[in-house]
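Numbering (mature numbering (1 follows the signal peptide of the UniProt record, and there is no 0)), first residue to last: -24 to -1, 1 to 173. Below is one structure; the comments refer to it alone.
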């Protein structure tokens, strides 16, 4: 009867295990996630490098999750909620900090920016979100970068950039009580190359 020494068996099994682990780590590296770029600090940075509690939602996730207004953002972001006394005046709360002001001229404790432009009044924040590149919800005080009213946090809405190729999209929707909705967009070059005489 031929016996294999246990020490050799142990070495062979360790070598096979190490090869399996190395192979698994190579396949994980091949499936690396794409880098998420945000502008939370007013410059483009990787989401991993930003020292802020932030939730970023990309264009594809916005479309598949049917994010159509600020309330839909609050349903998909931890620590962010929305209430309203009037449908045209949302009241935003991040981590429990917000404003219960019901006047159209009141300042909120959670600020909203659309392409870098401050939407200072609640009536200006109740709009459809369409053709977006990304959404960023910054939790916690953001007064250093976003001004005195950002005690609760900030919402940064970034629309899609224009394209040099002619593209378009139409969205049709229907609902209860005869509701019909149509939204569309078109992008492309405004003028062709200048002509020479």
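Where a beta carbon is used, it is the ideal one built from N, C-alpha and C, also for glycine.
Whether residue i touches residue j by CB criterion (7 Å)
i           : j           : result
residue 87  : residue 126 : yes
residue 142 : residue 33  : no
residue 113 : residue 31  : yes
residue 73  : residue 128 : yes
residue 29  : residue 115 : yes
residue 11  : residue 22  : yes
Best match in the options for proximity to residue i [C-alpha to C-alpha]
i           : options          : result
residue 162 : 106, 41, 101, 44 : 106
residue 61  : 155, 109, 99     : 99
residue 140 : 156, 146, 167    : 167
residue 96  : 71, 124, 157     : 124
Status (buried if at least 16 other CB within 10 Å, exposed otherwise) for residue i
i           : result
residue 153 : exposed
residue 76  : exposed
residue 122 : buried
residue 6   : Bear in mind that the predicted position of residue 6 carries a pLDDT of just 49, short of 50, making it unreliable; the figure below should be weighed with that in mind. Under this definition residue 6 is an exposed residue.
residue 85  : buried
residue 118 : buried
residue 146 : exposed
residue 14  : buried
residue 43  : buried
residue 164 : exposed
8 Å contact criterion, which residue i and residue j should meet: CB distance rounded
i           : j           : result
residue 54  : residue 102 : Contact doesn't hold; Cβ gap of about 23 Å is too wide.
residue 109 : residue 136 : 5 Å
residue 41  : residue 52  : 6 Å
residue 56  : residue 38  : No, residue 56 and residue 38 are not in contact; Cβ-Cβ is about 15 Å, not under 8 Å.
residue 157 : residue 144 : Their Cβ separation, rounded to whole angstroms, is 17 Å, which puts residue 157 and residue 144 out of contact at 8 Å.
8 Å Cβ shell around residue i - same chain, five flanking residues per side excluded
i           : result
residue 46  : 58, 66, 68, 88, 101, 102, 105, 131
residue 183 : No answer is possible for residue 183: it lies beyond the span of the chain, which begins at -24 and ends at 173.
Own chain, CB closer than 7 Å to residue i, minus 5 neighbours either side, in chain order
i           : result
residue 18  : 121
residue 64  : 99, 102
residue 155 : none
residue 26  : 14, 16, 17
residue 138 : 163
Cut-off 6 Å between Cβ atoms - residues of its own chain near residue i, not counting five sequence neighbours on either side
i          : result
residue 20 : 13
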